[in-house]
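Enquirer: What follows is a structure written as structure tokens; I'll ask about it next.
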Amino acid sequence: MTEPRTLPHDPYITAVCDALTAAGLELTDQCWTDDTETRGIYRYLNAIITLDPSRVLDRDDEDIPADTDWRHGLILIWEWHSGREENGDPERGPVWQFAELKGDGSNEYPTWLPVHGYASPASIVEAARKVISCDIGAGHSFNFGQPTWDGGVIGDEWDQALDLEAAVTAWDAEE
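Going by my numbering, the sequence shown opens with residue 388, and the numbers climb by one from there.
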């Protein structure tokens with residue numbers, strides 16, 4: 388039996404999940420980290436954290452009032468990749484995004500979460516609360532997922548961001 392592979396961002400995502408839980412934001416069991424290479428030459432690290440802000444995901448659809456916000460959940464997405472976007476933009480990761488889940492398991496177009504790429508767990512909690520309360524609204528694909536938010540970057544970087552960056556850089560150099 389092989390041991391599960393530890394990824395460089397696992398401790399960071401665990402710290403974020405712990406902070407969300409401690410703040411009373413309910414996580415589902417649909418939370419994971421991954422490393423993938425989807426474009427052949429770019430390397431990716433991903434994390435998905437699924438929240439149940441309305442605490443209704445364990446109910447049947449017909450038992451959820453129609454006007455319930457986040458009736459299928461909210462996902463927080465963290466991504467880092469080594470490549471550049473095709474249009475020549477700077478490196479994409481690390482970046483946080485959010486999206487509302489749909490009933491079929493897909494999600495709305497992801498919107499940038501206005502936090503640092505290696506945001507402190509407390510910053511993610513604060514930003515998630517602002518998304519849940521609709522202070523930060525979802526952008527649309529035609530404006531490249533920019534949030535409807537003018538409050539600037541929320542919070543600060545994680546106090547272990549330099550260690551995380553070093554671990555990610557080492558991981559990227561491995562293969």
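We treat Cβ as the ideally placed atom computed from N, Cα and C, and that holds for glycine.
State the CB to CB distance for the pair W545 and Y431, rounded to an integer number of angstroms; the pair is presumed to be in contact (CB under 8 Å).
Expert: Incorrect: roughly 20 Å between the Cβ atoms, too far for contact.
Enquirer: With D456 as the anchor, note down where its beta strand (DSSP E) starts and where it stops.
Expert: Counting along the chain, D456 falls outside any beta strand (DSSP E), and DSSP gives it neither H nor E.
Enquirer: Specify the secondary structure class of Y431 as computed by DSSP and reduced to three states.
Expert: It is a strand residue.
Enquirer: Could you give the first and the last residue of the continuous alpha helix (DSSP H) run that contains V403?
Expert: Its alpha helix (DSSP H) spans residues D397 to A409.
Enquirer: Is DSSP giving D421 helix, strand or coil here?
Expert: It is a strand residue.
Enquirer: Hey, out of G524, P508, S520 and V518, whose CA is closest to G542's CA?
Expert: Ranking the options by Cα distance to G542, first place goes to P508.
Enquirer: Leaving out five residues before and five after W465 in sequence, what residues of the same chain have Cβ atoms less than 6 Å from its Cβ?
Expert: For W465, where only same-chain residues beyond five positions count, the Cβ hits under 6 Å are A434 and W483.
Enquirer: Candidates D450, D522 and A560: which alpha carbon is nearest P501's?
Expert: Nearest C-alpha to P501: D522.
Enquirer: So what does DSSP say about I462, is it helix, strand or coil?
Expert: The answer is strand: DSSP assigns I462 an E or B state.
Enquirer: Does the distance from the CB of V512 to the CB of A406 come in under 8 Å?
Expert: Contact: yes.
Enquirer: Can you name, in chain order, every residue of its own chain whose Cβ lies under 8 Å from the Cβ of Q533, other than the five neighbours on each side?
Expert: The residues are T498, W499 and G526.
Enquirer: Since E413 and W457 should fall inside the 8 Å C-beta cutoff, what is the C-beta to C-beta distance between them, to a whole number of angstroms?
Expert: The Cβ separation is near 11 Å, so there is no contact.
Enquirer: Express the C-alpha separation of A453 and R442 in angstroms, rounding to a whole number.
Expert: So the alpha carbons of these two residues sit roughly 14 Å apart.
Enquirer: With T420 and L394 assumed to form a contact (beta carbons below 8 Å), what rounded beta-carbon distance in angstroms separates them?
Expert: That belief holds up - the Cβ atoms of T420 and L394 are roughly 5 Å apart, short of 8 Å.
Enquirer: I believe Y429 touches H396 by the beta-carbon criterion, under 8 Å. Please report the beta-carbon distance rounded to the nearest angstrom.
Expert: About 16 Å separates the two Cβ atoms, so there is no contact after all.
Enquirer: So the alpha helix (DSSP H) V555 belongs to, where does it begin and stop?
Expert: Counting along the chain, the alpha helix (DSSP H) containing V555 begins and ends at A548 to E561.
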